[in-house]
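Heads up: the sequence shown at position 476 corresponds to 1560 in this note's numbering, and the numbers run straight through without jumps. Glycine is no exception: its CB is placed at the ideal position from the N, C-alpha and C atoms.
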Amino acid sequence: MPLEDAASPATGRFSPFETDLDQSRALSLLRKATDGADDGELFLERRRSESLVLDDGRIRSAGFDAGEGFGLRAVRGEVAGYAHSTHLTEQAVARAATTARLAVAAGGGTLAAPPPGTNKRLYPDTDPILDATFAVKIDTLRAIDDFLRGLDKRVVQVTASLSASLQEVVILRPEGDVLSDIRPMSRLNISVIVEQDGRRESGSAGGGGRAGLKALLAPDHWADVAREALRIATVNLSADPAPAGVLDVVLGPGWPGILLHEAVGHGLEGDFNRKKTSAFAGLMGQRVAAPGVTVLDDGTIPGRRGSITIDDEGTPSARNVLIEDGLLVGFMQDRQNARLMGAAATGNGRRESYAHAPMPRMTNTCMLAGEAEPEALIGELRDGLYAVGFGGGQVDITSGKFVFSCTEAYRVRNGKIGAPVKGATLIGDGPTALQNVRGIGNDMALDPGMGNCGKAGQWVPVGVGQPSLLIGGLTVGGVGG
């Protein structure tokens, strides 16, 4: 079925001050809530999302969700009052203002300057849900299932999913400024299980970003994703048990940057450093990584999953350098934390939805490329591991200690990539791993667009990226040598 059979255009953009609320009355209530406060805002949101999952040729789930609401915040010092509601009415805003006002108490604060304006646009404002009809989406998922089963007789299970959403936000500031953003998101994911001689292994691939579904639904695109998922599964069919011990490790480019995100990125968020609960607290200006290591958080990359035109406080996103040539030079900040630390907001004040207050969060966290050829980095391994794909992991922000599981990895001996291994976990701590970077590849790549980051019960989409990295002396958890 052709993609031109898409549904009709959306019925209209989110305009709460035209359809639900009187802007002058809402502003008056917000100003009463923030009188004597340091900061605050009225954050209004409408979100629509659709998800489809096909499992073994059958639709396992099909969902559509739509909702809207607001959150009102008043901030004074380290205290923030926050109230939210699904009702866009003056009465609900008035009740929220009364609740948020409790944090301001007797006042005495000085209202912070508003965020600077921006005219940039990092993504289209079309609704990706409307890129194709429901029938086209179902037909595509079934075609993926048929394609994979036709490629390899060992395929015993296929799971394919499509998701698309549109988030529209409007932010009213106490000084009267109104800021808005329209944020699309789409993703395709394919997982496959293969069986041979009684052994079953799985592989998955996918991605997306802040764009429509059309590119993801194109046969040449999803066929490549399906082949990659199948490749990983078949590689794991022949994998040996992973070694255990302290080994030098080469991380592949792109998605392995999730280790950087978790083990290092969270420790560079401003609130953890202000509270001195980060392994990087008190180290500004000092060497925290090997020479040549430059880490940044960049929310301005067009179309990427973690990109935002403005953050959820209205501050324009930015390209923020965090570690430069091994020296700690910056943290990611929201407005409240930046003010308390005497720093500038960096466009990293993010929230999951109107029901949550903003906090410092990553966008697209990357390490810049070096000059080494990836093959040369692998060639330096006498007995080590080449880790290409990662699954889940755990990190302790205070110590920086991490444990990550590898979904695709290979034993390397005398500079030659050998057999794949399964069951490998990488164990270490972020600061030490940064100091032990011995080689940086020239092949920096971004992930395909599949990251979600959790913090304090909130989830936001993020991106990661890095070049190939040679890290000395990581502990590899496995089953033996």
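### Query
Since W1543 is in the beta strand (DSSP E), which residue starts that stretch and which ends it?
Taking the sequence shown and counting its residues from 1, one reaches residue 1543 at position 459. Element bounds for W1543: 1542 to 1550.
### Query
Leaving out five residues before and five after S1092 in sequence, what residues of the same chain have Cβ atoms less than 6 Å from its Cβ?
In the sequence shown, residue 1092 corresponds to position 8, counting from 1. For S1092, the predicted structure reports a pLDDT of 31, less than 50, and the residue's modelled location is therefore unreliable. A value from the coordinates is still provided. Around S1092: no qualifying Cβ.
### Query
How would you call P1086, buried or exposed, if buried means at least 16 neighbouring beta carbons within 10 angstroms?
What you label residue 1086 is simply residue 2 of the sequence shown in a count that begins at 1. For P1086, the pLDDT reaches just 34, beneath the cut-off of 50, and the residue's location in the model is therefore unreliable, although a value from the coordinates is still provided. Exposed is the call here.
### Query
Should V1242 and V1276 be called a contact, given that it needs their Cβ atoms to be closer than 9 Å?
Within the sequence shown, the letter at position 158 stands for residue 1242. Within the sequence shown, the letter at position 192 stands for residue 1276. Against a cut-off of 9 Å, the Cβ pair of V1276 and V1242 comes out as a contact.
### Message
Just to confirm, is the Cβ distance from A1327 to P1551 under 9 Å?
### Response
Residue 1327 sits at position 243 when you count from the first residue of the sequence shown. Residue 1551 sits at position 467 when you count from the first residue of the sequence shown. Looking at the sequence shown, residue 1327 is not Ala but Pro. The answer is no: Cβ separation not under 9 Å.
### Query
Do you know offhand how far Q1478's Cα is from L1113's?
Within the sequence shown, numbered from 1, the residue matching residue 1478 stands at position 394. Within the sequence shown, numbered from 1, the residue matching residue 1113 stands at position 29. So the alpha carbons of these two residues sit roughly 43 Å apart.
### Query
Relative to the C-alpha of D1308, which residue among P1325, S1288, A1295 is closest?
For the purposes of this step, residue 1308 is taken as the residue at position 224 of the sequence shown. Ranking P1325, S1288, A1295 by Cα distance to D1308 puts S1288 first.
### Task
With F1154 as the anchor, note down where its beta strand (DSSP E) starts and where it stops.
By 1-based counting over the sequence shown, the position of residue 1154 is 70. Segment 1142 to 1160, the beta strand (DSSP E) holding F1154.
### Task
Taking only the alpha-carbon atoms, compute the straight-line gap between T1194 and P1258 and give it to the nearest angstrom.
Position 110 of the sequence shown holds residue 1194. Position 174 of the sequence shown holds residue 1258. If you take the alpha carbons of T1194 and P1258, they lie about 12 Å apart.
### Query
When we look at the beta-carbon of D1381 and count the other beta-carbons within 10 Å, is it buried (16 or more) or exposed?
As a working mapping, residue 1381 is identified with position 297 in the sequence shown. Result: buried.
### Task
Would you mind stating whether V1334 and V1496 have Cβ atoms separated by less than 9 Å?
Locating residue 1334 in the sequence shown gives position 250, where the first residue counts as 1. Locating residue 1496 in the sequence shown gives position 412, where the first residue counts as 1. Yes, Cβ-Cβ distance for V1334 and V1496 is below 9 Å.
### Query
Do M1416 and E1353 come within 9 Å of each other at the CB atom, strictly closer than that value?
Position 269 of the sequence shown, counted from the first residue, corresponds to residue 1353. Position 332 of the sequence shown, counted from the first residue, corresponds to residue 1416. Closer than 9 Å, so yes.
### Beta-carbon proximity of A1508 to A1493, cut-off 9 Å
For the purposes of this step, residue 1508 is taken as residue 424 along the sequence shown, with counting starting at 1. For the purposes of this step, residue 1493 is taken as residue 409 along the sequence shown, with counting starting at 1. Result yes, Cβ atoms of A1508 and A1493 sit closer than 9 Å.
### Task
Assign G1260 to one of three DSSP states: helix, strand, or coil.
Here residue 1260 refers to the residue found at position 176 when the sequence shown is read from its first residue. Here G1260 sits in coil by DSSP.
### Query
Around the C-beta of T1173, are 16 or more other C-beta atoms found within 10 angstroms, so that it is buried, or is it exposed?
Stepping through the sequence shown from its first residue, residue 1173 is reached at position 89. Classification for T1173: exposed.
### Task
Identify whether G1481 lies in helix, strand or coil by the three-state DSSP scheme.
On the sequence shown, position 397 is the one that residue 1481 refers to. For the sequence presented, residue 1481 should be read as Ile rather than Gly. If DSSP states are grouped into helix, strand and coil, I1481 belongs with coil.
### Pairwise C-alpha distance: G1192 and P1532
In the sequence shown, counting from the first residue as 1, residue 1532 sits at position 448. In the sequence shown, counting from the first residue as 1, residue 1192 sits at position 108. Spanning the two alpha carbons is a distance of roughly 48 Å.
### Closest residue to T1224 among A1529, D1149, A1181, G1141 (Cα-Cα distance)
Position 140 of the sequence shown, counting from 1, holds the residue named residue 1224. Taking only the C-alpha atoms, the option nearest T1224 is G1141.
### Nearest candidate by alpha-carbon position, reference A1295, set R1144, E1279, A1317, R1271
Start at 1 with the first residue of the sequence shown, and residue 1295 comes out as number 211. Of the candidates R1144, E1279, A1317, R1271, the one whose C-alpha sits nearest the C-alpha of A1295 is R1271.
### Query
Out of curiosity, what's the CA-to-CA distance linking V1159 and P1268?
Counted from its first residue, the sequence shown places residue 1159 at position 75. Counted from its first residue, the sequence shown places residue 1268 at position 184. Their Cα atoms are separated by approximately 30 Å.
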